[in-house]
């Protein structure tokens with residue numbers, strides 16, 4: 637089961653209200669979810685009522701392998717930018733590790749080709 641952190645639309649017509657939820661990636665946008673991680677109200681004027689994110693739970697689920705949608709990323713970036721920084725650092729480290737493996741493979745291929753010749 638692939639987990640995804642994304643926005644779930646609620647509210648009435650022309651007054652949307654969004655919940656930041658953890659859900660199965662196959663479920664519909666407004667379908668069932670596993671855990672509510674926060675909410676976002678774009679029509680609120682006061683800054684403290686506009687956005688609420690439980691950063692500790694987001695961090696937990698990201699460490700468990702959950703993917704974050706683009707819209708959810710922008711909201712999380714406002715509240716807890718360190719979470720996204722950690723994700724990018726991990727992906728860069730993984731990419732560097734893969735390139736190191738690729739270098740080793742190329743070196744072995746060159747050695748085997750030179751041995752054949």
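In our numbering, the protein residues as written are 637 to 753.
Beta carbons are placed, not taken as given, at the ideal position from N, Cα and C, and that holds for glycine.
- Residue state for residue 671 is assigned as strand, using DSSP reduced to three classes.
- Within the segment 658-727, the complete alpha helix (DSSP H) segments of 4 residues or longer fall at 683-686, 691-699 and 706-715, listed in chain order.
- Spatial neighbours of residue 671 in its own chain (CB-CB distance under 6 Å, excluding positions within 5 residues in sequence) are listed in chain order as 658.
- Counting C-beta atoms within 10 angstroms of its own C-beta, residue 674 has 16 or more neighbours from the protein chains shown and is therefore classed as buried.
- Nearest to residue 664 by alpha-carbon distance, out of 676, 677 and 645, is 645.
- Residue nearest to residue 677 within the set 692, 750, 702 and 654 is 654 (criterion: CA-CA distance).
- Beyond the five residues adjoining it in sequence on each side, residue 651 comes within less than 7 Å, by CB distance, of 679 in the same chain, given in chain order.
- Residue 711 and residue 648 have their alpha carbons spaced roughly 21 Å apart.
- About 20 Å separates the beta carbons of residue 729 and residue 694, which is beyond the 8 Å limit, so they are not a contact pair.
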